[in-house]
Amino acid sequence: MKELILPRPNPKQELFLRDRHRYIAFGGARGGGKSWAVRVKAVLLAFRYPGIKIMIVRKTYPELRANHITPMRTMLGDSAVYRDTTKEFIFPNSSVIMFRHCQNDSDMDKYQGTETDVLFIDEATQFTEEQFMKFKACVRGVNSFPKRVYLTCNPGGVGHTFIKRLFVDRAYNLSERAEDYSFIRSLVTDNSALLESDPDYVEQLKALPPKLKKAWLEGDWNVFEGQFFEEFKNDPSHYSDRRFTHVIEPFEVPESWNIVRSFDFGFAKPFSCDWWAVDYDGRAYLILQLYGCTGAPNEGVKWHPDKIFCEIARLEAEHRWLRGKRITGVADPSIWDRSRGDAIIDFADRHGIYFEKGDNKRISGWMQCHYRLSFDGSGMPMVYFFNTCRAAIRTLPLLSFSDANPEDLDTSQEDHFADSFRYFCMSRPIAPKKTAAPLPEPDDPLELNKKRYDRFSY
Ligand SMILES: Nc1ncnc2c1ncn2[C@@H]1O[C@H](COP(=O)(O)OP(=O)(O)OP(=O)(O)O)[C@@H](O)[C@H]1O
Ligand SMILES: [Mg+2]
Numbered sequence: 049m050k051e052l053i054l055p056r057p058n059p060k061q062e063l064f065l066r067d068r069h070r071y072i073a074f075g076g077a078r079g080g081g082k083s084w085a086v087r088v089k090a091v092l093l094a095f096r097y098p099g100i101k102i103m104i105v106r107k108t109y110p111e112l113r114a115n116h117i118t119p120m121r122t123m124l125g126d127s128a129v130y131r132d133t134t135k136e137f138i139f140p141n142s143s144v145i146m147f148r149h150c151q152n153d154s155d156m157d158k159y160q161g162t163e164t165d166v167l168f169i170d171e172a173t174q175f176t177e178e179q180f181m182k183f184k185a186c187v188r189g190v191n192s193f194p195k196r197v198y199l200t201c202n203p204g205g206v207g208h209t210f211i212k213r214l215f216v217d218r219a220y221n222l223s224e225r226a227e228d229y230s231f232i233r234s235l236v237t238d239n240s241a242l243l244e245s246d247p248d249y250v251e252q253l254k255a256l257p258p259k260l261k262k263a264w265l266e267g268d269w270n271v272f273e274g275q276f277f278e279e280f281k282n283d284p285s286h287y288s289d290r291r292f293t294h295v296i297e298p299f300e301v302p303e304s305w306n307i308v309r310s311f312d313f314g315f316a317k318p319f320s321c322d323w324w325a326v327d328y329d330g331r332a333y334l335i336l337q338l339y340g341c342t343g344a345p346n347e348g349v350k351w352h353p354d355k356i357f358c359e360i361a362r363l364e365a366e367h368r369w370l371r372g373k374r375i376t377g378v379a380d381p382s383i384w385d386r387s388r389g390d391a392i393i394d395f396a397d398r399h400g401i402y403f404e405k406g407d408n409k410r411i412s413g414w415m416q417c418h419y420r421l422s423f424d425g426s427g428m429p430m431v432y433f434f435n436t437c438r439a440a441i442r443t444l445p446l447l448s449f450s451d452a453n454p455e456d457l458d459t460s461q462e463d464h465f466a467d468s469f470r471y472f473c474m475s476r477p478i479a480p481k482k483t484a485a486p487l488p489e490p491d492d493p494l495e496l497n498k499k500r501y502d503r504f505s506y
């Protein structure tokens with residue numbers, strides 16, 4: 049067998065490679081060299097203990113292939129054979145590295161009889177505690193090989209709370225022993241290889257909205273609390289200059305700008321239909337909104353779906369910003385659902401209102417909303433809301449984080465406009481911007497007077 053040459057670990061990865069605890073968590077931020085450490089440790093164990101069984105788990109197969117199987121094939125060359133049918137590397141010394149994925153609870157049933165000596169769960173916060181417990185139960189075997197569970201993690205995700213409890217807060221129940229658990233914190237700044245090869249990656253993390261930046265760049269586990277769109281600003285003193293505010297006075301929308309209609313529907317809940325004008329820089333303006341309720345008693349307008357689309361069609365025929373325009377539509381994909389009888393989309397079709405299915409990837413959708421809301425160097429965001437769109441500017445600042453999945457928002461709230469905003473953003477994704485420092489707070493009276501003067505001078 050040829051000699052296998054592995055790149056040098058950085059100091060944090062070295063700690064991970066040498067750790068001997070039963071449960072070892074690594075990372076806690078983005079880009080800290082976690083997946084790399086998983087691959088290298090698995091290969092080192094395979095060589096060190098002939099006959100050992102190792103399992104690497106990730107949520108989806110494409111992620112497994114991209115993050116582990118393909119790079120490991122390159123790393124190993126002909127030092128081990130990869131069997132695609134069983135998704136395993138077989139080593140000449142009989143060691144095995146198995147790759148397994150688990151997208152939902154039913155996938156777990158496949159792994160009930162599986163035995164492994166060492167388990168790696170990459171991106172462990174993407175798994176629920178119950179899924180983690182089931183995977184953990186696979187670590188068994190009557191042999192002298194080490195029995196260990198390695199986890200990599202970022203703050204956020206459905207597993208945030210239990211990973212934080214075990215490895216960050218170190219709060220144990222009677223069946224857990226504190227001395228079994230070890231956490232090695234690794235930030236992107238610890239990953240010198242990535243800093244050298246892709247300095248832009250750090251810039252991208254710095255451009256995240258403040259809470260995500262604290263979580264993914266600084267590895268802070270306590271940030272997912274409070275207002276979901278904390279960056280949302282409704283500052284009337286900047287309605288005219290449009291700096292550091294998202295809400296502005298309406299203006300006449302130029303004829304040539306594109307109009308996009310986004311739509312979220314709720315059964316017996318509010319619906320939100322939103323018209324966005326998009327300028328030549330791709331900056332979006334929420335110019336008009338139709339917001340109401342489809343059924344729950346005593347809650348505002350209660351419209352049958354037919355009435356909603358009738359009104360949308362009327363507005364598009366009559367409103368001076370909309371009439372005669374080619375309007376593209378994007379909507380909540382659930383309106384194509386026929387399991388409850390007529391699909392809502394059929395009512396829309398009857399009124400000549402057409403939509404594409406919105407991309408419903410929630411976390412990347414929220415990221416797009418955050419990217420649009422973030423201010424550039426001169427205080428301009430990529431999305432504005434006319435102050436006449438009252439439901440939008442009322443509901444956005446009320447939304448808070450979900451306890452179950454801290455990267456998401458709590459869906460029991462009035463999130464219908466936010467969902468419609470998300471479908472719109474996903475229909476025109478943008479790259480993150482470098483964020484600006486906020487305007488200095490005017491603390492001396494002269495400054496305050498100047499600000500007031502600015503406000504009334506338009
Ligand atoms: N010691 C090392 N030597 C050479 N390259 C490395 C080393 N550690 C990490 N890298 C490279 O740095 C990049 C990021 O590492 P990796 O994918 O392991 O990070 P991660 O923490 O898993 O990131 P993410 O949070 O996005 O999942 C990859 O291209 C990886 O191959
Ligand atoms: Mg990774």
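Add 48 to a position in the sequence shown, counting from 1, and you land on the number used in this note's numbering.
Heads up, the beta-carbon is just placed ideally off N, CA and C, and yes, glycines get one too.
query: CA-CA distance, N453 and H208?
result: For the purposes of this step, residue 453 is identified with residue 405 of the sequence shown, where counting begins at 1. For the purposes of this step, residue 208 is identified with residue 160 of the sequence shown, where counting begins at 1. Their Cα atoms are separated by approximately 7 Å.
query: Taking three-plus beta-carbon pairs below 8 Å as touching, is the stretch 180-191 in contact with the stretch 437-454?
result: no
message: On the criterion of 16 or more Cβ atoms from any shown chain inside 10 Å, does E455 qualify as buried, or is it exposed?
response: Start at 1 with the first residue of the sequence shown, and residue 455 comes out as number 407. The residue is buried, with at least 16 neighbouring Cβ atoms inside 10 Å.
Bridge-paired residues (DSSP) for M103: Taking the first residue of the sequence shown as 1, we reach residue 103 at position 55. Paired residue(s): M146 and L167.
message: For T257, count the other beta carbons within 10 Å of its own beta carbon; 16 or more makes it buried, fewer makes it exposed. Which is it?
response: Within the sequence shown, the letter at position 209 stands for residue 257. The question names Thr, but residue 257 is Pro in the sequence shown. Classification of P257: buried, given that the 10 Å Cβ count is 16 or more.
query: Closest by CA to Q461, which one among E244, S240 and R442?
result: Taking the first residue of the sequence shown as 1, we reach residue 461 at position 413. Comparing Cα positions, the closest option is R442.
field: Below 7 Å from a heavy atom of ligand 2 - residues by beta-carbon
entry: K82, S83, N115, D170, E171 and T200
field: Cutoff 7 Å; reference I401; Cβ partners in own chain excluding five residues on either side
entry: Along the sequence shown, read from residue 1 onward, the residue named residue 401 stands at position 353. Answer for I401: F357, I360, A361 and G377, listed in chain order.
message: Can you check which of these residues, N152, S154 and T133, is closest to M146 by C-alpha distance?
response: By 1-based counting over the sequence shown, the position of residue 146 is 98. When each option's Cα is compared against that of M146, the closest is T133.
query: Given a threshold of 16 other Cβ atoms within 10 Å of its Cβ, counted over all protein chains shown, does P55 qualify as buried or as exposed?
result: Here residue 55 refers to the residue found at position 7 of the sequence shown. Exposed.
- prompt: What are the boundary residues of the beta strand (DSSP E) that W414 is part of?
  reply: Indexing the sequence shown from 1 puts residue 414 at position 366. Note, W414: premise wrong, no beta strand (DSSP E); alpha helix (DSSP H) at R410 to L421.
task: For W323, name the three-state secondary structure that DSSP assigns.
output: The residue given as residue 323 occupies position 275 in the sequence shown. Here W323 sits in strand by DSSP.
- prompt: First and last residue of the alpha helix (DSSP H) that includes F64?
  reply: Position 16 of the sequence shown, counted from the first residue, corresponds to residue 64. Taken as a continuous stretch (DSSP letters only), the alpha helix (DSSP H) holding F64 covers P59 to R66.
task: Quick one: grab the DSSP three-state call for C186.
output: Sequence index remark: in the sequence shown, residue 186 carries index 138 (1-based). Coil.
query: Between the stretch 462-475 and the stretch 290-297, do at least 3 Cβ pairs fall closer than 8 Å?
result: no
- prompt: Can you give the Cα-Cα distance for K182 and T176, rounded to whole angstroms?
  reply: Residue mapping note: residue 182 aligns to position 134 of the sequence shown, counting from 1. Residue mapping note: residue 176 aligns to position 128 of the sequence shown, counting from 1. Going by the C-alpha atoms only, they are around 10 Å apart.
- prompt: Do you know whose CA, among V91, R420 and R148, lies nearest G125's CA?
  reply: Your numbering for residue 125 matches position 77 in the sequence shown. Comparing Cα positions, the closest option is V91.
message: Taking the alpha carbon of S412 as the reference point, which residue from F395, M474, K254 and E227 has its own alpha carbon closest?
response: Start at 1 with the first residue of the sequence shown, and residue 412 comes out as number 364. Closest option to S412, Cα to Cα, is M474.
field: Member of R476, N152, K261 and K60 whose CA lies at the smallest distance from the CA of E178
entry: Residue 178 sits at position 130 when you count from the first residue of the sequence shown. Minimum Cα distance to E178 is reached at N152.
N-terminal and C-terminal residue of the beta strand (DSSP E) that C201 is part of: The sequence position of residue 201 within the sequence shown is 153, counting from 1. Unbroken beta strand (DSSP E) run through C201: R196 to C201.
query: Between the stretch 303-321 and the stretch 417-424, do at least 3 Cβ pairs fall closer than 8 Å?
result: no
- request: Alpha carbon to alpha carbon, how far is R388 from D165? Give it in angstroms, no decimals.
  value: By 1-based counting over the sequence shown, the position of residue 165 is 117. By 1-based counting over the sequence shown, the position of residue 388 is 340. C-alpha separation (whole angstroms): 48 Å.
- prompt: Between F161 and ligand 1, is the CB less than 7 Å from at least one heavy atom?
  reply: Start at 1 with the first residue of the sequence shown, and residue 161 comes out as number 113. A small correction: the amino acid at residue 161 is Gly; Phe does not occupy that position in the sequence shown. No, since every heavy atom of ligand 1 falls outside the 7 Å radius drawn around the Cβ of G161.
task: Could you check how far apart the C-beta atoms of G76 and R233 are, in whole angstroms? I think they sit under 8 Å.
output: Residue numbering aside, residue 76 sits at position 28 when the sequence shown is read from its first letter. Residue numbering aside, residue 233 sits at position 185 when the sequence shown is read from its first letter. Rounded, the Cβ-Cβ distance is 5 Å, consistent with contact.
query: What are the boundary residues of the beta strand (DSSP E) that F277 is part of?
result: The residue you call residue 277 lines up with position 229 of the sequence shown. Taken as a continuous stretch (DSSP letters only), F277 belongs to no beta strand (DSSP E), as it is neither H nor E.
field: Beta-carbon gap between S304 and E297 smaller than 8 Å
entry: Walking along the sequence shown from the start, residue 304 turns up at place 256. Walking along the sequence shown from the start, residue 297 turns up at place 249. Going by C-beta atoms, S304 is not nearer than 8 Å to E297.
query: Do you know how far the Cα of Y432 is from the Cα of V326?
result: Translated into positions along the sequence shown, residue 326 becomes position 278. Translated into positions along the sequence shown, residue 432 becomes position 384. Taking the straight line from one Cα to the other gives about 10 Å.
field: 7 Å Cβ shell around W323 - same chain, five flanking residues per side excluded
entry: If you number the sequence shown from 1, residue 323 lands on position 275. Closer than 7 Å at the Cβ level, and outside the excluded window around W323, lie I307, R309, I335, L336 and L370.
message: So within the stretch 190-261, which uninterrupted beta strand (DSSP E) runs reach at least 3 residues, ignoring any that extend past its ends?
response: 196-201 and 229-233
message: Suppose you measure from the CA of A344 to the CA of H352; what does that come to, to the nearest Å?
response: Here the question's residue 344 lines up with position 296 in the sequence shown. Here the question's residue 352 lines up with position 304 in the sequence shown. Since pLDDT at A344 reaches only 47, below the 50 mark, its modelled position is unreliable, and the value read off the structure follows with that caveat. Whole-angstrom Cα-Cα distance: 11 Å.
Inter-residue spacing [alpha-carbon to alpha-carbon] between G81 and E278: As a position in the sequence shown, residue 81 is number 33, starting the count at 1. As a position in the sequence shown, residue 278 is number 230, starting the count at 1. Taking the straight line from one Cα to the other gives about 30 Å.
- request: Please classify Y333: is it buried, with 16 or more other beta-carbons within 10 angstroms of its beta-carbon, or exposed?
  value: Counted from its first residue, the sequence shown places residue 333 at position 285. Y333 comes out buried.
Alpha-carbon to alpha-carbon, E404 and R66: Position 18 of the sequence shown, counted from the first residue, corresponds to residue 66. Position 356 of the sequence shown, counted from the first residue, corresponds to residue 404. Those two C-alpha atoms are separated by around 52 Å.
message: On the DSSP bridge list, what partners appear for G267?
response: For the purposes of this step, residue 267 is taken as residue 219 along the sequence shown, with counting starting at 1. DSSP lists no partner for G267.
Beta-ladder partner(s) of T376, from DSSP: On the sequence shown, position 328 is the one that residue 376 refers to. DSSP lists V308 as partners of T376.
query: How is E111 classed by DSSP in three states: helix, strand or coil?
result: Residue mapping note: residue 111 aligns to position 63 of the sequence shown, counting from 1. Looking at E111 - three-state DSSP - the assignment turns out to be helix.
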